[in-house]
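Heads up, the thing below is written out as structure tokens.
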Amino acid sequence: MSNFLNLLIAGLATGAIYAVVAIGFTLLWQTSQTINFAQGEFVMLPAFFMLAAMNLGLPFMLAVLVGIGLSLLVLGLLFKRVLVDPMLRHGVLPLAIATMALSIALKESVKELYSAEAHPFPSVVPAGNVDVLGVPVSMQSLGVLVIAVLAVVALNLLLTRTSVGHQMQATAQNPTVARIVGIPVERMILYTFLINAGLVALGSLLVTPIYLAKFSTGEILGQAAFIAAIVGGFNQVRGAVAGGLLLGVVDNLAAAYVSAQYRAAVPLFLLIVIILFRPQGLLGRVEERTV
Amino acid sequence: MARVLEVSGLRKHFGGIKAVDGVSFHVEEGEILGLIGPNGCGKSTTFNCILGQLAPTDGEVRLDGRVVTGMRPSELNRLGVSRTFQLLQVFPQLSVRENLILAGQEHKGTMLSRLLGPRDAGLTAAADRMIGFFKMSHLAGEKAGGLSYGQQKLLDAAMAFMAGPRLVLLDEPAGGVNLTMLGDLKDRLQAMNREQGATFVVIEHNMDFVMSLCTRVVVMAEGRVLAEGRPEEVRRNPAVIDAYLGH
Amino acid sequence: MTRSLAAWLAGIAGAAALVLLPLALNRYGIYILSLWAVMTIAAIGLNLTLGYAGQISLAQGAFVGIGAYAVAILTTSGFPFVVGLAAALAVSFAVGWLLGYPALRVQHHYLAFVTLAFSTLAYLVFRNEEWLTKGIYGIVGVPRPSVLGIATAKPLPFYYLCLGALAVVSFAVWWLVRSPWGRAFVALRENPVRALSLGVDTRRYTLMAFAIGSALGGVAGAFYAPLVEFVDPTPFTLALSLNLLMMVIVGGAGFFLGPFLGALIAVLLPEWLRFMEGWYLIAYAVFVMVLLVISPTGILGILDRHLTARRTRAASQARAAAKPVLNSEAA
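Protein chains in written order, with the numbering used here: chain A, 6 to 296; chain B, 10 to 256; chain C, 2 to 332.
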């Protein structure tokens, strides 16, 4: 039982990180039809920004701020202006393939410029266990879960309670109409790219202490984010949250109860079943696009 | 005269909305039937139900007496029902001739003969005749995407006739076509009917076009058939005038 | 007429170069050229599925794997190469057919993710089913076959075998895309609803596009196994599928010669740019991004636009030149 509870909480913690990354992924899709195949690398990179800043002698907290700042600049602003904007008119597929190329470029750049090794990364949450209902539970898991949940709640408040949030939602639902009613659509799209950059930086900060900083970790994370987004529902924030949490739990339970070899197959089966039988996702709406 | 198409009691409901609510009419061999009515009266939905693009909620569609309700569009097409769409639908990357060959190729031979047989499925001559009939011979080798809008509309219609269908359903063939092209289109459709004995149903908003082209007209309003008859009768029918001017 | 003549001459020159070039190359050079031929076969298959029929697949690498394992398992158990090749073809055709079913339900990114998931699942099977695939240890000593009594164990004869396979596949696909099937594939890509209304059985053609494209992936794998003489799971990760996809897109999806060019860039260029070491991949990735920004239809797309523009200019000049003649006739 204590084992199960620990697995569950660890699963929710990983799932919360997946959710954070998946939300950004779906936001980009909703506002600009960008399927970002480099999303995993987007999570891998900020940790290296932070490590590089620490190597220059900055204290951890300051390095984190530098890392977030660089993420907003490179993964938010530059990504949109340099790659996405010129490619939008070409349609979904060329842009998706360009992001595949981007993922290679980011991975190999880190390998060449920094190192091919795995680097330890300091945790924002102290190690150790706390007692939950008499069961010792990893503090790190709980901390990650709490931070991720706070971030999602904050984002949700931003989207539902502020005027900018409403404008962003309108942009996501129908850019043409949004433009007609006078919403600065371009700026709203830029905001979603910046939010995505912020979310991946947060994801990086939370996941890297667990997975270590390595150029190749993005592959697993990116795939998890895709699966979470699709399972939950591609066009909704709460879908991505549900998908992320579900995937994290399934992933951790599969590791414990299914054969270790086919652990990785369980989320993929989940993905295929969802796509075939409920393609709009568990919580998603049916997307209506004209042929 | 033989009834090519018979639609009886056709209904299509979307949730609570009764888009088509008990429509019955028939099409006789060799006639040009006009299907008209105000926007949103269910004309296109009726077409889509007849053609298997939508599954009707209720009712029956017969082709030459045989029940074809709910058949897949490609099967219906091979039984001889062909159509055009409201929005322009040609294949822009294929040449005009290739578009027409495509429109005929699935009606000839088998999958295997289409793989191993001649590239044009033996249809080049037929395609060129059709191109000549629609007076587009000078465009035969051009990519369809490079044609003017009116020319693409002509091609769209020509494709519907390519396989020698029993029945053609044209959904707003005149939409967006300029006056000169409109004359050509009407002339060609009438020639098709007169010379080749083609039977067709036309949905159209352009009243002059319908009234001068069609031999008989069915008027729909709010998902039902309001009136039917020869163009001049329908034009004078108070209920029809009311439906068009009443709101 | 002159254009098709030029195309024929270029084709013959290209074929002659492919036959003669390896005579001037060392062992490794011939190996790389053979690898190009094999990858081109796989890319041709993907080009059929994606470029012509418009169905995205991120699983072509998995089919190369299926073909490679089929040949490796059968030939190391004593069966002749042709049996392995036939099995590779049949299994990847059948699995590709099944993979086509999701395409009947979902499109675009959903289809991309289904095929992506399939690709990863196939890798897991290669790695974990040790009784069949020997797992991470791989199958060693995959023999190179004898063809018509000629042993292809040496690099040069094996290269010619791969080149022969490429020639056969090229001819078959060239035939296919010019047949009514090719026209139906393009119709499926451009407007499936209209195609259906013209009697095109889009279901069957979609499944066929997947099955044939995948089968060619299997054929590529069937030659890959004896080329490398060793088969383990590592080459058949998602990375190979993405690589093949980029080859098709970079060369020009939907152009017959696109895969040849794309594979040339992806397989041969790294060898010429060896001095760049790890930077090569970065340069390649940046090149792909820049290319896609300039021309989403790849390198041949640029060429095609250029030629079309020139032809249109020539045609309008011809019309302009013809006009006075007509007038003088009228007068």
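Glycine included, each C-beta is placed from N, C-alpha and C at the ideal position.
- Item | Backbone CA spacing between residue 332 (chain C) and residue 162 (chain B) [nearest angstrom] | On the third sequence, residue 332 (chain C) is found 331 positions in, with the first residue counted as 1. On the second sequence, residue 162 (chain B) is found 153 positions in, with the first residue counted as 1. Residue confidence is low: residue 332 (chain C) scores 33 on pLDDT, short of 50, so the model does not pin down where it sits. No coordinate-derived value is stated.
- Using beta-carbon positions only, say whether residue 212 (chain C) and residue 94 (chain C) come within less than 9 Å of one another. The sequence position of residue 212 (chain C) within the third sequence is 211, counting from 1. The sequence position of residue 94 (chain C) within the third sequence is 93, counting from 1. A contact, by the Cβ cut-off of 9 Å.
- State buried or exposed for residue 76 (chain B), treating a residue as buried only when at least 16 other CB atoms are found within 10 Å of its CB. Here residue 76 (chain B) refers to the residue found at position 67 of the second sequence. Exposed, because fewer than 16 other Cβ atoms sit within 10 Å of the Cβ of residue 76 (chain B).
- Query: What residues in the region 108-135 of chain C bring their beta carbon closer than 8 Å to a beta carbon of chain A?
  - Reply: 109, 110, 111, 113, 114, 115, 117, 118, 119, 121, 122, 125, 128 and 129
- Are the C-beta atoms of residue 200 (chain C) and some chain B residue less than 9 Å apart? As a first step, residue 200 (chain C) must be located in the third sequence, where it is residue number 199. Cβ-Cβ to chain B under 9 Å: yes for residue 200 (chain C).
- In whole angstroms, what separates the C-alpha of residue 31 (chain B) from that of residue 220 (chain B)? As a first step, residue 31 (chain B) must be located in the second sequence, where it is residue number 22. As a first step, residue 220 (chain B) must be located in the second sequence, where it is residue number 211. As the crow flies, the alpha-carbon of residue 31 (chain B) is around 25 Å from that of residue 220 (chain B).
- Would you tell me roughly how many angstroms separate the C-alpha atoms of residue 282 (chain A) and residue 123 (chain C), rounded to the nearest one? If you number the first sequence from 1, residue 282 (chain A) lands on position 277. If you number the third sequence from 1, residue 123 (chain C) lands on position 122. Cα to Cα, the separation comes out at about 21 Å.
- Message: Between residue 239 (chain A) and residue 289 (chain A), how many whole angstroms is the CB-CB distance? I'm expecting something under 8 Å.
- Response: Reading the first sequence from its first residue, position 234 is the one you call residue 239 (chain A). Reading the first sequence from its first residue, position 284 is the one you call residue 289 (chain A). The Cβ separation is near 6 Å, so the contact holds.
- Query: How many angstroms separate the CA atom of residue 263 (chain C) from the CA atom of residue 176 (chain A)?
  - Reply: As a working note, residue 263 (chain C) is residue 262 in the third sequence. As a working note, residue 176 (chain A) is residue 171 in the first sequence. For residue 263 (chain C) and residue 176 (chain A), the distance between alpha carbons rounds to 38 Å.
- Item | Chain-ordered chain A contacts of residue 279 (chain C) [CB-CB under 9 Å] | As a working mapping, residue 279 (chain C) is identified with position 278 in the third sequence. In chain order: 113, 116, 117 and 121.
- Task: Please determine if the region 77-96 of chain C and the region 249-257 of chain A are in contact, where contact requires at least 3 C-beta pairs separated by less than 8 Å.
- Result: no
- Verify the contact flag: residue 224 (chain B), CB atom, against every heavy atom of the ligand ATP, threshold strictly below 8 Å. This structure does not include the ligand ATP; it has no bound ligands of any sort.
- Task: Use the C-beta contact count for residue 67 (chain B): other C-beta atoms within 10 angstroms, 16 or more gives buried, fewer gives exposed.
- Result: Mapped onto the second sequence, residue 67 (chain B) falls at position 58. Exposed.
- Using alpha carbons as the reference points, say which of A:111, A:8 and A:16 lies closest to residue 147 (chain A). Residue mapping note: residue 147 (chain A) aligns to position 142 of the first sequence, counting from 1. Cα-wise, what sits closest to residue 147 (chain A) is A:16.
- Query: Given that residue 110 (chain B) touches chain C, what residues does it touch there, using C-beta distances under 8 Å?
  - Reply: Here residue 110 (chain B) is taken as the residue at index 101 of the second sequence, counted from 1. Within chain C, the residues near residue 110 (chain B) are 181 and 184.
- Determine the direct distance from the alpha carbon of residue 299 (chain C) to that of residue 84 (chain A), and round the result to whole angstroms. Locating residue 84 (chain A) in the first sequence gives position 79, where the first residue counts as 1. Locating residue 299 (chain C) in the third sequence gives position 298, where the first residue counts as 1. Here the alpha carbon of residue 84 (chain A) sits roughly 21 Å from the alpha carbon of residue 299 (chain C).
- Query: Taking just the CA atoms, how far does residue 224 (chain B) sit from residue 108 (chain C)?
  - Reply: In the third sequence, the residue the question calls residue 108 (chain C) occupies position 107. In the second sequence, the residue the question calls residue 224 (chain B) occupies position 215. Approximately 43 Å, taken between the alpha carbons.
- Kindly indicate the opening and closing residues of the alpha helix (DSSP H) around residue 179 (chain C). For the purposes of this step, residue 179 (chain C) is taken as the residue at position 178 of the third sequence. It spans 156-179 - the alpha helix (DSSP H) in which residue 179 (chain C) sits, taken as one unbroken run.
- Any residues in the region 253-267 of chain A with a beta carbon nearer than 7 Å to a beta carbon of chain C? Which ones, in chain order? 266 and 267
- Item | Below-9 Å beta-carbon distance, residue 208 (chain C) vs any chain A residue | Sequence index remark: in the third sequence, residue 208 (chain C) carries index 207 (1-based). No, no contact with chain A.
- Task: Give the residues of chain C in contact with residue 114 (chain B), contact being defined as C-beta atoms less than 8 Å apart.
- Result: In the second sequence, counting from the first residue as 1, residue 114 (chain B) sits at position 105. Result: 181, 184 and 185.
- Query: Is the CB-CB distance between residue 249 (chain B) and residue 42 (chain B) below 9 Å?
  - Reply: Stepping through the second sequence from its first residue, residue 249 (chain B) is reached at position 240. Stepping through the second sequence from its first residue, residue 42 (chain B) is reached at position 33. At least 9 Å separates the beta-carbon of residue 249 (chain B) from that of residue 42 (chain B).
- Message: With a threshold of 6 Å on Cβ separation, who are the neighbours of residue 112 (chain B) within its own chain once the five nearest residues in sequence on each side are excluded?
- Response: The count along the second sequence starts at 1 and reaches residue 112 (chain B) at position 103. Within the same chain, Cβ atoms closer than 6 Å to the Cβ of residue 112 (chain B) are found at 168 and 171, the five residues on either side in sequence being excluded.
- Message: So for residue 31 (chain B), helix, strand or coil by DSSP?
- Response: Sequence index remark: in the second sequence, residue 31 (chain B) carries index 22 (1-based). Looking at residue 31 (chain B) - three-state DSSP - the assignment turns out to be strand.
- Message: Once DSSP output is grouped into helix, strand and coil, what is the label at residue 43 (chain B)?
- Response: One-based indexing of the second sequence puts residue 43 (chain B) at position 34. Residue 43 (chain B) carries a strand assignment under DSSP once its states are collapsed to helix, strand and coil.
- Item | C-beta contact flag for residue 64 (chain C) and residue 221 (chain C) at 9 Å | Taking the third sequence and counting its residues from 1, one reaches residue 64 (chain C) at position 63. Taking the third sequence and counting its residues from 1, one reaches residue 221 (chain C) at position 220. Yes, the pair counts as a contact, with Cβ atoms nearer than the cut-off.
- Task: Give the DSSP-derived three-state secondary structure of residue 134 (chain A) in the structure shown.
- Result: Working through the first sequence from its first residue, we reach residue 134 (chain A) at position 129. Three-state DSSP puts residue 134 (chain A) in a strand.
- Item | For residue 106 (chain A), the three-state DSSP class (helix, strand or coil) | As a first step, residue 106 (chain A) is located in the first sequence; it is residue number 101 there, counting from the start. In the structure shown, the three-state DSSP call for residue 106 (chain A) is helix.
- Message: What does the alpha-carbon distance come out to for the pair residue 53 (chain C) and residue 45 (chain C)?
- Response: If you number the third sequence from 1, residue 53 (chain C) lands on position 52. If you number the third sequence from 1, residue 45 (chain C) lands on position 44. Each residue's alpha carbon lies about 10 Å from the other.
- Query: What residues in the region 283-298 of chain C have a beta carbon less than 7 Å from any beta carbon of chain A?
  - Reply: 283, 286, 287, 289, 290, 293, 294 and 297
- Length of the line joining the Cα atoms of residue 246 (chain B) and residue 58 (chain B): Reading the second sequence from its first residue, position 237 is the one you call residue 246 (chain B). Reading the second sequence from its first residue, position 49 is the one you call residue 58 (chain B). Between residue 246 (chain B) and residue 58 (chain B), the C-alpha separation is close to 28 Å.
- Message: Spatial neighbours of residue 139 (chain C) within its chain, please: C-beta separation below 8 Å, excluding the five flanking residues on both sides.
- Response: On the third sequence, position 138 is the one that residue 139 (chain C) refers to. These residues qualify, in order along the chain: 231, 232, 233 and 234.
- Query: From which residue to which residue does the alpha helix (DSSP H) around residue 101 (chain C) run?
  - Reply: As a working mapping, residue 101 (chain C) is identified with position 100 in the third sequence. Element bounds for residue 101 (chain C): 82-106.
- Query: Along chain A, which residues have their Cβ under 7 Å away from the Cβ of residue 243 (chain C)?
  - Reply: In the third sequence, the residue the question calls residue 243 (chain C) occupies position 242. Near residue 243 (chain C) (Cβ distances below 7 Å), the residues of chain A are 105.
- Taking only beta-carbon positions, decide if residue 191 (chain C) is within less than 9 Å of chain B. On the third sequence, position 190 is the one that residue 191 (chain C) refers to. Residue 191 (chain C) counts as touching chain B.
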